[in-house]
Amino acid sequence: MVNKVEISIIALVLIAIIVSGAALGYSLSILDKLDKLTSNMADLTSSLIDLTGTVADVAEKVGASLDAINEIQSRLEEVESRLMPTITVIGPWSGAEMDKFLPVLARFEALTGINVRYKIYRAEELATLLPAQFATGTAPGDVIFMWGWFIAENAKNGHVMEVTDLIDESKFLSGSLDAVKVNGKFYGCAYTGKVKPGFWYRKSFFAARNLTEPKTWNEFLTLLDTLKAMGFEHPIVSGDEIGWPLSDIAEHFLITYGGPELQLQLIDGTASWTEDSVRGVFENYLVPLLENGYFSEPIEWTTAKDQWWQGDYALYFMGSWITGMVDDPSDLGVFSLPDCEGLVFAADYFFIPKYTQYSDEAKELFKFLASSEAQRLQVAQGGHIATNIEVSLDSYPEVDRRVANLTVGKAVLPDLDDSIGGEFQATFWDQLKLLWVSPQSLDDILRAIEAVAP
Amino acid sequence: MIIFVVFPILNTIYISFLSPEGGFIGLENYAMVIGSKKIFNLEGLPKNPPLGAFVHNMIWILIHLPLSIISGLIFAIILKDVKGSSIVKTLVFLGMVTPMVVGGLIIRYTFEKDVGIVNGLLSLIGLGDLTKSWTAYPDTALFALIFGSVWLWTGFSMILYSAGLATIPKDYYEAAKIDGAGPFKMFFRITLPLLRSITVTVVTMTILYELKIFDIVLVATYGGPGEASSVLAFQMWLYAFRYFQFNKAAVVASLLTILTTIVTIPMIKFMVKR
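Taken in order, these protein sequences are the chains called P and C.
Each residue of the first sequence is one higher than the one before, starting from 46 at the first, in the working numbering.
Each residue of the second sequence is one higher than the one before, starting from 287 at the first, in the working numbering.
As structure tokens, then:
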């Protein structure tokens with residue numbers, strides 16, 4: 046008989062054999078899987094190795110591309126800065142006058158691709174700003190409009206770029222470039238300018254009162270008396286600011302009754318303010334008009350222009366820029382003092398400071414502003430007279446053509462105080478303001494001017 | 287402080303002893319400037335301006351200082367504890383917050399013949415013969431600027447005095463009333479003495495303002511006509527930026543520094559003593 050123990054043992058052995066077999070089989074399958082896994086891993090490793098190589102290749106190529114991209118970018122920036130720099134022009138014009146200048150700059154931009162930025166600074170402000178900036182070797186602009194004497198003075202001190210090779214003097218009004226010439230070399234140029242032709246009136250005003258332009262000094266006095274009789278306490282309004290409107294009037298009298306040469310002699314210091322030829326002009330012509338109240342007391346010049354335009358005054362001595370400041374330029378008439386043989390032509394001068402960072406581009410703009418194309422574009426808008434003689438009269442609006450015609454047959458002269466500048470200019474303006482309200486102080490005034498004259 | 291204040295001051299004083307070429311010339315620049323009619327023009331006294339920029343500044347102090355102090359004190363007293371006084375004080379103080387350049391334009395047009403309110407008032411009270419553009423004439427230009435400047439500066443003294451009046455204990459006035467003191471006695475025996483430190487401050491600051499006045503001169507008269515309204519700071523600017531005589535400008539700047547120091551030291555001593 047087989048006992049239970051033997052049966053249990055046999056069962057256990059059988060179970061063990063079965064479990065072992067199963068385990069073996071499972072192990073074999075695991076092994077098989079492990080083999081496959083190992084094989085896969087080997088494949089994977091191989092692939093990774095390949096991939097690494099590929100990545101390395103790619104990285105190498107990308108690196109080269111990055112370098113190329115960087116180089117291309119820097120070249121583009123260089124080309125961009127060369128092709129489209131922005132240069133700064135500084136000028137005194139604002140409002141309506143600025144609106145007439147901007148198209149000229151726009152034309153330059155279109156022709157050259159050089160961007161231009163316009164900044165407004167009056168000459169009085171630049172006189173304060175520029176010396177300090179020049180002292181530090183900087184400049185607020187690349188092309189700057191400024192008084193001619195200031196340009197010449199700073200050229201002597203080495204702050205202004207010489208531009209002789211950019212200018213053909215034969216293409217400009219005779220003498221118009223003298224203010225910016227130093228020792229035979231040019232340091233600036235004349236853009237357009239303004240004529241100071243005489244006394245402006247409204248044609249409708251004169252027509253309504255049957256008034257005509259005077260042809261002699263006596264006719265001029267008769268006109269003024271007629272206006273007084275009509276109720277105009279002061280027929281001529283006097284503009285005021287820092288003094289330049291009055292100096293324009295004084296110069297017109299000096300040129301007319303002292304002769305065009307006298308203006309030049311006063312500029313270069315060969316004539317004295319206290320000599321008879323000068324004193325006589327004031328004593329015999331200007332002072333009597335002031336003492337008899339034909340001129341108003343000085344009034345802020347734009348207010349004076351408004352009051353004159355609305356009929357409070359009959360006559361206004363002003364520069365030709367007034368044609369761009371009134372509503373109806375066709376109603377404007379102007380006459381010089383009878384027997385006048387010379388007129389002041391005040392050019393707007395511009396220069397390139399030595400400290401510009403864009404000298405090539407600045408020179409391009411410089412040449413353009415000096416050209417007949419730029420000046421033709423400017424004068425066509427009114428209020429300007431070209432200094433470039435290649436600009437024909439056809440380019441002007443009708444009223445400015447008449448103003449330009451006024452210069453025909455007359456000597457074209459530089460502005461006296463603008464040519465001398467410095468302490469003389471400030472004193473001249475200030476003393477004339479005194480003369481206007483205190484004409485009996487003529488001798489003291491002439492002595493004060495002579496004390497600071499060249 | 288050293289870079290932006292001390293160095294520029296010392297450098298300016300140094301420049302004042304140099305020629306335009308840079309050489310040391312001692313007191314020559316000082317002699318030229320002080321001897322110039324632009325600074326002192328006293329020939330033919332008594333006469334109307336121009337009298338020289340330095341004298342114009344002194345005239346400015348002599349007229350403007352008492353006027354602006356007294357008017358500021360009067361406003362402060364009148365408006366003390368009055369309903370709606372803050373509105374009036376604001377209006378008076380407007381002058382202080384107005385930019386000086388705008389103030390100069392306002393002064394110019396205030397005294398203009400045809401549109402100015404001053405001439406309008408003169409015509410109203412039957413003094414039409416006196417109407418003219420005050421800033422255009424040498425005998426009135428400086429005074430137009432001074433009177434206009436009183437309006438600009440009165441707000442400063444008014445505000446300071448208002449603050450000072452608020453610190454005076456009411457008990458003092460009550461005690462004085464009990465003793466039979468009238469308003470004038472209270473003002474001279476209580477108010478004024480207790481406002482002493484405020485007055486010192488107002489006087490000092492006003493004199494400093496009067497010495498450095500520039501903007502309203504530049505805008506309203508440009509120092510003219512015939513230098514009749516020029517002042518030291520304006521003359522300094524002319525020397526530097528119109529005549530380009532920087533050494534002479536440095537002389538005027540140095541003189542102004544000395545004058546302002548003379549004015550400021552007593553105030554500092556007074557404050558320290560307290």
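Cβ atoms here follow ideal geometry from the backbone N, Cα and C, with glycine treated the same way.
As the structure is a prediction and not an experimental result, all values here were calculated from the model.
field: Coil, strand or helix - I301 of chain C by DSSP
entry: helix
message: Is the separation between the beta-carbon of I432 of chain C and that of I349 of chain C shorter than 7 Å?
response: yes
Assigned exposure category for V368 of chain C - 16 Cβ within 10 Å defines buried: exposed
message: Three or more C-beta pairs under 8 Å: does that hold for the segment 444 to 454 of chain C against the segment 353 to 361 of chain C?
response: yes
- prompt: Considering only the beta carbon of each residue, do D445 of chain P and T368 of chain P sit closer than 7 Å?
  reply: yes
message: Buried or exposed for G381 of chain C, going by 16 or more other Cβ atoms inside 10 Å?
response: buried
query: Considering F190 of chain P, what are the terminal residues of the alpha helix (DSSP H) in which it resides?
result: Here F190 of chain P belongs to no alpha helix (DSSP H); instead the beta strand (DSSP E) covers V188 to M191.
- prompt: What's the gap between the Cα of M46 of chain P and the Cα of I55 of chain P?
  reply: Because the pLDDT at M46 of chain P is just 48, under 50, the model does not fix this residue reliably, and the point stays unresolved.
field: K418 of chain C (DSSP reduced to helix, strand or coil)
entry: coil
message: My parser needs the alpha helix (DSSP H) runs of 4 or more residues fully inside the segment 92 to 180 of chain P; what are they?
response: 140 to 157 and 168 to 180
- prompt: Excluding sequence positions up to five away, which residues of its chain have a Cβ less than 6 Å from the Cβ of A425 of chain P?
  reply: S440
Unbroken alpha helix (DSSP H) run spanning D405 of chain P, endpoints: S404 to A415
message: Whole angstroms are fine: how far does the CA of I397 of chain P sit from the CA of I132 of chain P?
response: 11 Å
field: Near-chain C residues of the segment 462 to 475 of chain P - C-beta to any C-beta below 7 Å
entry: G467, E468, A471 and D475
field: Interface partners of S483 of chain P on chain C, CB under 7 Å
entry: P424
query: What residue range is occupied by the uninterrupted alpha helix (DSSP H) comprising K243 of chain C?
result: With chain C covering 287 to 560 only, the question about residue 243 of chain C has no answer from this structure.
Three CB pairs or more closer than 8 Å across the segment 500 to 511 of chain C and the segment 385 to 399 of chain C: yes
- prompt: Which residues mark the beginning and the end of the alpha helix (DSSP H) in which G358 of chain C is found?
  reply: A339 to I364
query: Comparing alpha-carbon positions, which option in C:T487, C:F527, C:M522 and C:S516 lies nearest G555 of chain C?
result: It should be noted that the sequence gives Lys, not Gly, for residue 555 of chain C. Out of C:T487, C:F527, C:M522 and C:S516, C:T487 has the C-alpha closest to the C-alpha of K555 of chain C.
task: Kindly indicate which three-state DSSP category E345 of chain P falls into: helix, strand or coil?
output: strand
task: Quick one: measure Cβ to Cβ for R314 of chain P and P499 of chain P, integer angstroms, because I've assumed they're closer than 8 Å.
output: Note on identity: in this sequence residue 314 of chain P is Gly, with Arg being the wrong assignment. Sure, about 3 Å apart at Cβ, within 8 Å.
query: What in chain C is Cβ-close to E342 of chain P, meaning under 9 Å?
result: K399, K418, S419, A422 and Y423
task: Please confirm whether W262 of chain P and P459 of chain P have their CB atoms less than 7 Å apart.
output: no
Proximal chain C residues relative to L479 of chain P, where beta-carbon distance stays under 7 Å: P424, G510, P511 and G512
message: Can you find the residues in the same chain that come closer than 6 Å, C-beta to C-beta, to I639 of chain C, ignoring five residues on each side of it along the sequence?
response: There is no way to answer for residue 639 of chain C, as the model of chain C reaches only from 287 to 560.
- prompt: Pick from P:G186, P:F195 and P:F146: whose alpha carbon is nearest that of E468 of chain P?
  reply: P:F195
message: Is T173 of chain P close to chain C? Criterion is C-beta to C-beta, closer than 7 Å.
response: yes
- prompt: Along chain C, which residues have their Cβ under 9 Å away from the Cβ of P176 of chain P?
  reply: A526, F527, F530 and F532
N- and C-terminal bounds of the beta strand (DSSP E) containing V457 of chain P: A456 to L458
query: Start and end of the alpha helix (DSSP H) containing D501 of chain C?
result: D501 to A506
field: Span of the alpha helix (DSSP H) around L497 of chain C
entry: R482 to L497
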